[in-house]
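One structure is given below, encoded as structure tokens.
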């Protein structure tokens, strides 16, 4: 099982009380609270932490993308992907991922992703996402067409990477007359593709039919099991048996020298689970974004929304694993064995967790937890 | 049929369309807004005393089928030109509310000979030069309802329409309406940049009715319609919001009847 390090690279440098004045921290919380000079310092430390994660033994480094939110400063995965491609040597670079529906130019996107793969020497995993509801608003992409644009953009990406140019594409949403990029990926036929999900059955089916790794994000373990079972069902329909590398699982994790210290510092994850996850339904589920089936499954998968769970409840539900190396090893082993996953994605920095605390956690994860998880 | 109406499906433009119909006389087409067709309302009953009133669920809304090719309000206008042909209606009066007003204007600029007289009520479709059209998709249903009225207490049908929680079937229809409205009005939001120029073609008698306190589509849009449609008349109803036909149905009907 591979273990990945991840942070959303948050900008948490403002009083939480300010965010409380607005319906959500996402979308409409004014960007007047953003200081680019502070952000510059934050980027330096976050990127140092990624480098260190590779140094201590993480198999991969994961980055994601969001818009209109202080919870994630990474507004372009291909930029940070490119940076990591140059400042690291060995680790896989998991971009999870590019927002396919919100791009108006899949060909340019194909070029950008290819460029990251080339600069990295072929270490890229190209994750593709539909984006949460908020991203449709931020980019003014019609949510009614989100899934269609996702699928057509994906198809055009694959074709651009694998078909010799020049060629044309006249689709429903995208139209190009001379596709012939002088930038194609090193990895053939193209970098591996992963797809994250929190419960939409359509996404699971799509991933399975394409044989892409499906990464369950912060779902309860029983829901992750159901989603993986659904993946198996669709995989068998198209004629293959999935292996562990077809499944990944993302959780939050903090390790410290003692359980007590870890419990204290782990509370920084409450920032990440709180304001960024609350907001009007219209922000997260604009019209047509969620199918009625998916909406029903969503209400089943979480009897209580994440942002309403207490610190202890988050740990009991295995959304947040906090403790000394020994404690964390036991819990992560349980998750690994129960889910049979090929990759564990650990969000190991959040909110205002300091650089020092983050580095210590990365060190303990790399030097003690990961080797223990890899023991047969 | 003077005191009642029928609720049936018609097959027009290769589409199954739900249609309320009542009254006798010259045909009058009523085009609902983004929220959907709320049923046979008081103002329709009053108007049906003089006209044969047609109230369809637009394709993709309510119980009507959804042709895949309809992706914009001008597309919806094309649909209706075809549908009216199938219904044998070659010339008629049209009232359009909100997004339905935008629709009526698009139909009129495409086929002026179809529209004998036109009433636009709180019509979307033009970008205001002062203020903004409220982003209805950012509002919850409750917020939307609150914004639509100046004073809900003066709306005789308010409780009947908004007083109770929708049943699951009603909620499903409301969701469907919202999705179809998003499909056709998303970008540019709630307006057609071409429309002000095309309106200048129109010569049919046109009445533009607006609630002074319309908090969804600013009165400024009514003024823009009035400036660009030659010979049009603009009537502003005081102490009234975005839905004068529901908030002040009798006053609304008085104004519109006299014009029609």
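Residue numbers (the working numbering), protein chains in the order written: chain A, 542 to 917; chain B, 1112 to 1371.
Think of the CB as a built atom: it goes at the ideal place given N, C-alpha and C, for glycine as much as any other residue.
query, result
"Between the alpha carbons of residue 696 of chain A and residue 704 of chain A, how many angstroms are there, rounded?", "11 angstroms"
"Any idea what DSSP makes of residue 884 of chain A, helix, strand or coil?", "strand"
"For residue 1147 of chain B, does the three-state DSSP call read helix, strand or coil?", "coil"
"Unbroken alpha helix (DSSP H) runs of length 4 or more, entirely within the stretch 618-655 of chain A: which are they?", "618-628"
"To the nearest angstrom, how far is the alpha carbon of residue 677 of chain A from that of residue 862 of chain A?", "31 angstroms"
"In chain A, what lies closer than 7 angstroms to residue 1175 of chain B by C-beta?", "Those within 7 angstroms of residue 1175 of chain B in chain A number zero; the least Cβ separation is about 17 angstroms."
"Hey, could you find the ends of the alpha helix (DSSP H) residue 591 of chain A is sitting in?", "577-597"
"Name the residues in the stretch 562-588 of chain A whose C-beta lies less than 7 angstroms from a C-beta of chain B; which are they?", "none"
"Considering only residues of the stretch 1218-1252 of chain B, which uninterrupted alpha helix (DSSP H) runs meet the minimum length of 4 residues and lie entirely inside it, listed in chain order?", "none"
"Between residue 683 of chain A and chain B, is any beta-carbon pair separated by less than 9 angstroms?", "yes"
"For the candidate residues A:647, A:652, A:633 and A:674, whose alpha-carbon lies nearest to that of residue 610 of chain A?", "A:674"
"So what does residue 1122 of chain B bridge to, in DSSP terms?", "B:1127"
"For residue 817 of chain A, count neighbouring Cβ atoms within 10 angstroms of its own Cβ and tell me buried if that reaches 16, exposed if not.", "buried"
"Tell me which same chain residues have a C-beta within less than 6 angstroms of the C-beta of residue 656 of chain A, skipping the five on either side of it?", "724"
"Identify the contact partners of residue 822 of chain A in chain B, using a Cβ-Cβ distance below 9 angstroms as the criterion.", "1251"
"From the DSSP output, which residues share a beta bridge with residue 543 of chain A?", "A:884"
"Tell me, please, whether the stretch 1158-1171 of chain B touches the stretch 1127-1145 of chain B by the rule of three or more beta-carbon pairs shorter than 8 angstroms.", "yes"
"Based on the DSSP output, what are the partners of residue 735 of chain A in its beta bridges?", "A:668 and A:754"
"In chain order, what residues of the same chain lie with their CB nearer than 6 angstroms to the CB of residue 909 of chain A, ignoring the 5 residues before and after it?", "866"
"Using the C-alpha atoms, what's the distance from residue 587 of chain A back to residue 594 of chain A?", "11 angstroms"
"For residue 617 of chain A and residue 581 of chain A, what's the separation of their Cα atoms in angstroms?", "15 angstroms"
"Counting only beta-carbon separations shorter than 9 angstroms, does residue 912 of chain A have a partner in chain B?", "no"
"Near residue 1154 of chain B, which residues of its chain fall below 7 angstroms by C-beta distance, leaving aside the five closest residues on each side in sequence?", "1356, 1360, 1363 and 1364"
"Identify the contact partners of residue 1293 of chain B in chain A, using a Cβ-Cβ distance below 8 angstroms as the criterion.", "683, 684, 685, 827, 828 and 829"
"Would you kindly work out how many angstroms separate the C-alpha atoms of residue 897 of chain A and residue 599 of chain A, rounded to a whole number?", "18 angstroms"
"Whose C-alpha, out of A:578, A:743 and A:883, is nearest the C-alpha of residue 832 of chain A?", "A:743"
"Check for me: the beta strand (DSSP E) holding residue 1311 of chain B runs from which residue to which?", "From DSSP, residue 1311 of chain B is part of no beta strand (DSSP E); its letter is neither H nor E."
"Hey, out of B:1353, B:1346 and B:1350, whose CA is closest to residue 1370 of chain B's CA?", "B:1346"
"Which ranges does the beta strand (DSSP E) cover as unbroken runs of at least 3 residues, wholly within the stretch 779-813 of chain A, from first to last along the chain?", "788-796"
"Taking three-plus beta-carbon pairs below 8 angstroms as touching, is the stretch 849-862 of chain A in contact with the stretch 768-778 of chain A?", "no"
"Would residue 1147 of chain B and residue 1249 of chain B qualify as a contact pair, given that the criterion is a beta-carbon distance under 9 angstroms?", "no"
"Of the choices B:1142, B:1166 and B:1157, whose alpha-carbon is the least far from that of residue 1129 of chain B?", "B:1166"
"Under the criterion of a Cβ to heavy atom distance below 8 angstroms, does residue 1284 of chain B qualify as lining the ligand FAD?", "No copy of the ligand FAD appears in this structure; indeed no ligand is present at all."
"Could you tell me which of A:740, A:663 and A:622 sits nearest to residue 650 of chain A, measuring between CA atoms?", "A:622"
"For residue 1142 of chain B and residue 1236 of chain B, which I take to be in contact (beta-carbon distance under 8 angstroms), what is that distance rounded to the nearest angstrom?", "12 angstroms between Cβ atoms; not a contact."
"CB-CB under 6 angstroms to residue 1127 of chain B, same chain, minus the five flanking residues each way: which ones, in chain order?", "1120 and 1176"
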